[in-house]
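Engineer:
Protein chains: 2
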Amino acid sequence: MTDSFHMSPDDFRRHGHALVDWAAQYMERVADLPVQPKIEPGAIRAMLPSAAPEDPEQFELLVRDLDTVVLPGLTQWQSPGWFAYFPANTSPPSILGELVTAALGAQGMLWSTSPAVTEIEAHVVDWLVDLLGLPQEWKTAVGPGGGVIQMSASDSTHVAHVVARQLAVDRDASTDDVVAYSSSQAHSSIEKGARVAGIRHVRLIDVDERFALRPQSLEAAIERDLSDGLVPAIVTSAIGTTATAAVDPVRDVTTVARRHGLWHHIDAAYAGSAMICPEFRVHQQGVDGADSYVFNPHKWMFTNFDCSVFWVADRAPLLRTMSILPPYLQNAASASGDVIDYRDWHVPLGRRFRALKLWWVLRSYGARGIRHHIREHVRLAQRFGELVDDHPSLVRTAPVSFGLVCFRHVDGNGPTNALAEAINAAGDVYVTPSTIDDQRFIRVSIGATATTEQAVERLWSIIRDAL
Amino acid sequence: MTDSFHMSPDDFRRHGHALVDWAAQYMERVADLPVQPKIEPGAIRAMLPSAAPEDPEQFELLVRDLDTVVLPGLTQWQSPGWFAYFPANTSPPSILGELVTAALGAQGMLWSTSPAVTEIEAHVVDWLVDLLGLPQEWKTAVGPGGGVIQMSASDSTHVAHVVARQLAVDRDASTDDVVAYSSSQAHSSIEKGARVAGIRHVRLIDVDERFALRPQSLEAAIERDLSDGLVPAIVTSAIGTTATAAVDPVRDVTTVARRHGLWHHIDAAYAGSAMICPEFRVHQQGVDGADSYVFNPHKWMFTNFDCSVFWVADRAPLLRTMSILPPYLQNAASASGDVIDYRDWHVPLGRRFRALKLWWVLRSYGARGIRHHIREHVRLAQRFGELVDDHPSLVRTAPVSFGLVCFRHVDGNGPTNALAEAINAAGDVYVTPSTIDDQRFIRVSIGATATTEQAVERLWSIIRDAL
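These protein sequences, in sequence, are chains E and Y. If you count by the numbering used here, then the first sequence holds residues 59 to 525, one letter each, in order. If you count by the numbering used here, then the second sequence holds residues 59 to 525, one letter each, in order.
#1: Please list the segments of the beta strand (DSSP E) lying wholly inside the segment 322-375 of chain Y, counting only runs of 3 or more residues, in order along the chain.
#2: Excluding the five sequence neighbours on either side, which residues of its own chain have a C-beta within less than 6 Å of the C-beta of LEU157/E, listed in chain order?
#3: Answer yes or no: do TRP369/Y and GLY100/Y have a C-beta to C-beta separation smaller than 8 Å?
#4: Answer yes or no: does any C-beta atom of chain Y fall closer than 8 Å to that of ASN471/E?
#5: Return the CA-CA distance between SER210/Y and ASN354/Y, expressed in angstroms with no decimal places.
#6: Go through its chain and collect everything with a Cβ distance to ASN471/E's Cβ below 6 Å, but skip five positions before and after it.
#7: For VAL502/Y, which three-state DSSP category applies?
#8: Which whole runs of the alpha helix (DSSP H) in the segment 385-449 of chain Y are 4 residues long or more, in chain order?
#9: In the structure shown, what three-state DSSP assignment does MET59/Y receive?
#10: Mind listing the chain E neighbours of ASN482/Y? Cutoff is C-beta to C-beta under 7 Å, in chain order.
#11: I'd like the span of the beta strand (DSSP E) that includes SER241/E, first residue to last.
#12: Would you kindly check if the distance between the Cβ of VAL227/Y and the Cβ of ILE257/Y is under 8 Å?
#13: So which residues of chain E does GLN165/Y contact, with C-beta pairs closer than 9 Å?
#14: Give me the chain E residues within the contact set of GLU479/Y, using Cβ-Cβ distance strictly less than 9 Å, ordered along the chain.
#15: Do we get a CB-CB distance below 8 Å when we pair MET59/Y with the residues of chain E?
#16: Starting from the beta carbon of ASP264/E, find every residue of chain Y whose beta carbon is closer than 9 Å, and list them in chain order.
#17: Inspect the beta-carbon positions of GLY443/Y and VAL463/Y and report whether they are closer than 8 Å.
#18: Below 8 Å, can you find three or more Cβ-Cβ pairs linking the segment 114-132 of chain E to the segment 71-85 of chain E?
#19: State buried or exposed for LEU320/E, treating a residue as buried only when at least 16 other CB atoms are found within 10 Å of its CB.
#20: By the criterion of Cβ-Cβ separation under 8 Å, what are the contact partners of PHE70/E in chain Y?
#21: Between PRO457/E and the rest of its own chain, which residues show a CB-CB distance below 7 Å, the 5 nearest in sequence each way excluded?
#22: Look at the Cβ atom of VAL183/Y, then the Cβ atom of VAL436/Y, and state whether they are nearer than 8 Å.
#23: In three-state terms, what does DSSP make of PRO457/E?
#24: Give the interface partners of LEU189/E over in chain Y, defined as CB-CB distance under 9 Å, in chain order.
#25: How many angstroms separate the CA atom of PRO95/E from the CA atom of LEU129/E?
#26: Would you kindly work out how many angstroms separate the C-alpha atoms of MET59/Y and GLU511/E, rounded to a whole number?
#27: Could you please give the first and the last residue of the uninterrupted alpha helix (DSSP H) stretch that includes SER492/E?
#28: Bridge partners of GLY6/E, per DSSP?
#29: State yes or no: is the beta carbon of ASP396/E nearer than 8 Å to at least one beta carbon in chain Y?
#30: Quick one: what's VAL467/Y bridged to in DSSP?
#31: Give me the DSSP bridge partner(s) of ARG261/E.
#32: Kindly indicate which residue of ILE428/Y, PRO290/Y, ARG433/Y and HIS467/Y has the alpha-carbon position closest to the one of ASP447/Y.
#33: Would you say ALA413/Y reaches chain E, if we count a Cβ-Cβ gap shorter than 8 Å as a contact?
#34: Compile a chain-ordered list of the residues in the segment 289-315 of chain Y whose CB is closer than 8 Å to at least one CB of chain E.
#35: Determine the chain E residues that contact HIS467/Y at a beta-carbon separation under 9 Å, and present them in chain order.
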């Protein structure tokens with residue numbers, strides 16, 4: 059046996075126990091860390107040596123740097139005071155699932171390269187069809203649709219645009235003429251996904267006073283493009299836009315999409331998690347008319363990034379677009395047609411065992427546990443909205459939607475920006491303002507795993523004191 | 059405080075310690091598990107309940123299912139007997155890095171959303187420029203190039219094709235006319251990346267007797283396409299093809315690419331890791347003429363999937379293609395131009411702290427430790443090649459290249475397939491055969507973290523006994 063630089067299993071045990079303790083302690087003290095680091099660009103790099111070490115370093119030094127280099131430069135997304143963007147939840151069972159996934163190091167590109175990776179993913183994603191009240195035909199076990207875990211909603215939305223473009227090109231359209239649609243409030247991933255897919259025409263459609271897409275405007279835009287000889291191919295509805303969590307009229311968009319033969323993609327990246335509570339499914343009425351749907355358990359379902367679930371109502375066009383089978387990937391199981399080969403469902407070939415953490419979250423919380431926490435976040439948002447409504451200096455700029463409350467200072471952008479700065483200056487809470495039609499507003503997004511009533515009360519006290 | 063379904067930090071400690079022990083034990087026993095599970099399609103799903111549990115399950119039940127449901131259905135990619143495909147390495151420091159990344163749950167889409175995530179990534183990827191002997195201008199700290207961690211080589215190669223397509227379209231080409239090139243031996247991700255990017259013409263160029271791209275054939279293909287009014291946009295060279303680890307003539311391809319204004323992308327997904335040893339850099343001579351380069355530390359550099367490093371020689375066209383800046387992502391740091399916002403370097407917006415595990419691997423092994431293990435794998439491959447050459451029933455079908463040995467039975471496809479089946483029937487080793495020009499051959503890919511001289515001797519004894 060030659061010299062080895064590998065860490066022994068016994069040293070792995072020792073360091074692993076220390077890091078589990080470090081992670082538990084991080085959970086216990088994250089509330090006390092500043093949510094946003096006070097740091098200048100380049101400050102972290104300046105602490106690092108200019109070259110990789112030639113010789114092995116003691117593992118204890120690496121762990122020490124977590125406290126001296128990493129944490130001082132980290133934004134604490136897991137803080138109970140996290141009210142910025144949308145949540146990007148972790149949870150204890152999910153973190154432990156990631157540990158095991160890393161240790162197994164299995165690749166699930168084909169069923170045959172690790173059957174359990176594929177089958178547990180297909181099964182757990184089918185569970186979610188029932189949990190979210192989605193059409194039965196979207197289950198891989200039923201068909202013709204099916205679901206897959208992708209890295210992000212951006213990837214899922216990009217894939218939807220690629221498939222829609224390919225369907226248009228298959229009908230003899232020039233790629234140059236393909237058109238994609240969404241509301242002006244849709245997430246930037248739609249414009250980006252379309253552009254990356256080579257779609258040169260993206261129409262951002264008017265919204266109504268609740269920031270939801272106007273179907274008549276969509277219809278008019280499609281007809282204008284048709285009369286210009288262009289090829290309308292795909293429209294995306296949002297269930298929960300980024301700025302205000304607005305909900306597009308899914309059923310009406312389906313009607314327009316069907317009339318003109320467009321692919322209808324639904325972006326429920328954030329709000330999809332709420333569909334585990336039946337009372338919120340009113341927001342996805344008509345979902346059975348969609349061609350694809352994405353939601354991110356890594357936002358609001360206590361499952362670590364990356365875990366974005368993407369469903370198609372019919373998997374045939376997806377597989378036709380994405381499948382290339384070279385000799386080194388051919389195998390008896392794939393040839394039989396009896397198995398799912400998830401490499402044909404997205405751009406990457408390699409894929410890790412992401413379903414494990416999702417499986418563990420669903421089992422560890424139970425559907426009841428997830429419902430409880432989502433309802434609690436929504437309750438806190440409703441209550442916070444009432445506090446805003448009752449305050450003479452504040453005005454809501456959109457309906458409270460799911461866990462999101464949007465408001466501004468009555469006196470306009472200057473005082474609104476000043477208020478946002480005062481909130482973030484407190485250090486233990488964090489909000490990210492946004493802008494619609496040149497009007498600034500503050501978003502309070504309630505949904506971090508660690509967020510409690512107490513954290514929301516703390517935020518409110520900071521706001522009240524700053525006014 | 060309301061009821062909580064969250065696992066407490068103390069329970070996390072307890073279950074975390076148990077799972078660290080489970081993972082250490084997995085390392086100790088993986089050699090004794092069958093590399094390939096003997097399992098029928100659907101067998102894993104049949105063990106799972108048809109619906110997610112309504113109530114929380116005991117965490118001990120989840121852990122128990124690792125042994126009863128997961129392992130029996132898993133392909134053991136981390137076995138010392140892993141000689142299939144290419145390696146997909148884990149290592150103890152990398153697994154522990156994944157644990158911490160999961161616990162921190164930070165998002166690095168913008169510098170401002172977690173400065174340490176971006177700066178450590180940029181810095182460690184710059185370290186790799188020196189470690190692999192790549193051009194200094196590819197460092198983010200030098201420019202105009204830079205590197206980023208992507209999910210997979212397929213994603214990186216796809217992005218290269220998107221940028222090249224965009225450059226062509228910006229020069230007024232129709233997307234329909236864009237052409238991409240690679241050798242007939244290139245990885246399927248090139249054909250797939252081109253297709254996903256909307257490139258409708260992909261030319262697979264002839265190879266020579268060593269399975270390397272013929273530059274004259276590339277030149278001829280480009281001239282044919284130009285005379286047909288098409289728009290040649292990108293050529294990919296492979297440093298280490300999938301079937302035989304063949305190396306394309308990088309410098310000659312650059313000459314042809316420059317003459318006709320094509321983007322030159324290099325796919326060194328597998329073999330790039332070997333460039334940490336100066337003696338292998340002869341295979342990337344002329345790399346300074348490339349426009350982009352991808353290699354996967356998650357293959358042969360002891361870093362868990364996903365970790366694919368993608369460099370561009372000039373980041374301007376990449377950022378121009380991929381950047382979209384909505385109001386909710388605007389911030390002072392981005393506006394200053396002093397920071398890297400990695401969301402503009404790929405399709406996804408969200409991104410986890412993947413650099414942590416790579417940083418830990420480089421520090422825990424040191425450059426010397428990684429060199430040692432890669433040289434040891436190559437030495438074992440050379441020795442295995444000699445055993446093949448000395449055996450009257452076997453003939454090599456390609457030069458031994460890096461850690462890969464390709465050979466067949468002298469009597470052709472039937473006996474070659476039978477030999478592959480006999481090898482895999484042993485259970486504790488695994489090879490994946492491939493095909494070139496209807497000729498079957500066996501690939502022995504030596505490079506798993508746990509693979510030792512003893513494992514290679516075991517493989518050879520199985521082969522010898524089967525002949």
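The beta-carbon is built from N, C-alpha and C at its ideal position, and this holds for glycine as well. Keep in mind the model is a prediction, meaning the values are calculated, not measured.
Structural biologist: In short:
#1: 350-353 and 366-370
#2: none
#3: no
#4: no
#5: 7 Å
#6: ARG498
#7: strand
#8: 390-394 and 413-448
#9: Bear in mind that the predicted position of MET59/Y carries a pLDDT of just 42, short of 50, making it unreliable; the figure below should be weighed with that in mind. Coil.
#10: Chain E residues near ASN482/Y: none, gap ~11 Å exceeds 7 Å.
#11: 236-241
#12: no
#13: THR133, TRP135, TYR143, ALA146 and PHE363
#14: Neighbours of GLU479/Y on chain E: none; closest Cβ ~11 Å, over 9 Å.
#15: Its pLDDT being 42, under 50, MET59/Y is placed unreliably in this model, and the value from its coordinates should be taken loosely. It does; some Cβ of chain E falls within 8 Å.
#16: The premise fails here: ASP264/E is roughly 17 Å from chain Y at the closest Cβ pair, so nothing lies under 9 Å.
#17: yes
#18: yes
#19: buried
#20: VAL78, ALA81, ALA82, MET85, PRO150, ILE153 and LEU154
#21: ARG268
#22: no
#23: coil
#24: ALA109 and ALA110
#25: 8 Å
#26: Low confidence applies here, because MET59/Y scores a pLDDT of 42, under 50, leaving its location unreliable; read the following figure in that light. If I take the Cα positions, the gap works out to 7 Å.
#27: First-last for SER492/E: 490-494, but that is the beta strand (DSSP E), not the alpha helix (DSSP H).
#28: What is shown of chain E runs 59 to 525, which leaves residue 6/E out entirely.
#29: yes
#30: Note that residue 467/Y is His in the sequence shown here, rather than Val. Bridge partners of HIS467/Y: LEU452/Y.
#31: TYR239/E
#32: HIS467/Y
#33: no
#34: THR300 and ALA301
#35: Those do not exist, as HIS467/Y stays about 17 Å from chain E at its closest Cβ, beyond 9 Å.
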